[in-house]
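Novice:
In our numbering, the protein residues as written are -11 to 143.
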């Protein structure tokens, strides 16, 4: 096994983790939200915040590192259009993902408080959920486009 193959494997694995964790988190958050049960939502969002911190964040950090190493090992120029487009889209994905992390933390805290007080979820929770949901589409779509660019290298 060559170093290039190993780094490429880790790079693809990172993409899988980002997309898989994102899909799983979206599914579990949506299913919890649909119950309107503050205690269940609090437990679910607690796990989601942990999963994002462990899996998504580590993959997000490793992607540029393995990508940069792949560039060096393959003598790929940073000026290749598919790569420039991928890097720009990676930044766009980050602009959607970072706020989502803070939204999840706040939704968790609001759900915990509502559960502890045996109250209904506050309106702020629903505002955050709608925003979280809306941010997911472009964030996930851009990530899917990056994956396509990484594989197809169309230009």
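All residues carry an ideal CB built from backbone N, CA and C; glycine is no exception.
1) Is residue 77 closer than 9 Å to residue -4 when the C-beta atoms are compared?
2) Among 34, 1, -8 and 10, which residue has its Cα nearest to the Cα of residue 94?
3) If distances are taken between C-alpha atoms only, which option among -6, 136 and 96 comes closest to residue 62?
4) Going by alpha carbons, who is nearest to residue 87 out of 121, -8, 105 and 136?
5) Just how far apart, CA to CA, sit residue 20 and residue 38?
6) On the three-state DSSP scale, how would you describe residue 180?
7) Pick out whichever of 48, 141, 26 and 108 has its Cα sitting closest to the Cα of residue 4.
8) Would you call the region 113 to 120 in contact with the region 67 to 85, where contact means no fewer than 3 C-beta pairs closer than 8 Å?
9) Is the CB-CB distance between residue 84 and residue 123 below 9 Å?
10) Suppose you measure from the CA of residue 109 to the CA of residue 8; what does that come to, to the nearest Å?
11) At what residues does the alpha helix (DSSP H) containing residue 116 begin and finish?
12) Starting from residue 107, follow the alpha helix (DSSP H) in both directions and report where the run begins and ends.
13) For residue 18, which residues in the same chain have their Cβ closer than 8 Å to its Cβ, ignoring the five residues on either side in sequence?
14) Grab the span of the alpha helix (DSSP H) containing residue 26 for me, first residue to last.
15) Taking the CB atoms as reference points, tell me whether residue 6 and residue 36 lie closer together than 9 Å.
16) Do the CB positions of residue 11 and residue 128 come within less than 9 Å of each other?
Specialist: Walking through what the data contain:
1) Your numbering for residue -4 matches position 8 in the chain shown. Your numbering for residue 77 matches position 89 in the chain shown. No, these two residues do not count as a Cβ contact at 9 Å.
2) Residue 94 sits at position 106 when you count from the first residue of the chain shown. Of the candidates 34, 1, -8 and 10, the one whose C-alpha sits nearest the C-alpha of residue 94 is 34.
3) Within the chain shown, the letter at position 74 stands for residue 62. Of the candidates -6, 136 and 96, the one whose C-alpha sits nearest the C-alpha of residue 62 is -6.
4) Locating residue 87 in the chain shown gives position 99, counting from the first residue. Residue 87 has its Cα closest to that of 121, out of 121, -8, 105 and 136.
5) Within the chain shown, the letter at position 32 stands for residue 20. Within the chain shown, the letter at position 50 stands for residue 38. So the two alpha carbons sit approximately 16 Å from each other.
6) The question about residue 180 has no answer here: the residues shown for the chain are numbered -11 through 143.
7) On the chain shown, residue 4 is found 16 positions in, with the first residue counted as 1. Checked all of 48, 141, 26 and 108; the closest Cα to residue 4 is 48.
8) no
9) By 1-based counting over the chain shown, the position of residue 84 is 96. By 1-based counting over the chain shown, the position of residue 123 is 135. For residue 84 and residue 123, yes; Cβs fall inside 9 Å.
10) Counted from its first residue, the chain shown places residue 109 at position 121. Counted from its first residue, the chain shown places residue 8 at position 20. Taking the straight line from one Cα to the other gives about 29 Å.
11) Reading the chain shown from its first residue, position 128 is the one you call residue 116. From DSSP, the alpha helix (DSSP H) with residue 116 extends over 111 to 140.
12) By one-based count along the chain shown, residue 107 stands at place 119. From DSSP, residue 107 is part of no alpha helix (DSSP H); its letter is neither H nor E.
13) The residue given as residue 18 occupies position 30 in the chain shown. The residues are 121.
14) Working through the chain shown from its first residue, we reach residue 26 at position 38. Its alpha helix (DSSP H) spans residues 26 to 39.
15) Taking the first residue of the chain shown as position 1, residue 6 is located at position 18. Taking the first residue of the chain shown as position 1, residue 36 is located at position 48. Not in contact: residue 6 and residue 36 (Cβ atoms no closer than 9 Å).
16) If you number the chain shown from 1, residue 11 lands on position 23. If you number the chain shown from 1, residue 128 lands on position 140. In contact: residue 11 and residue 128 (Cβ atoms closer than 9 Å).
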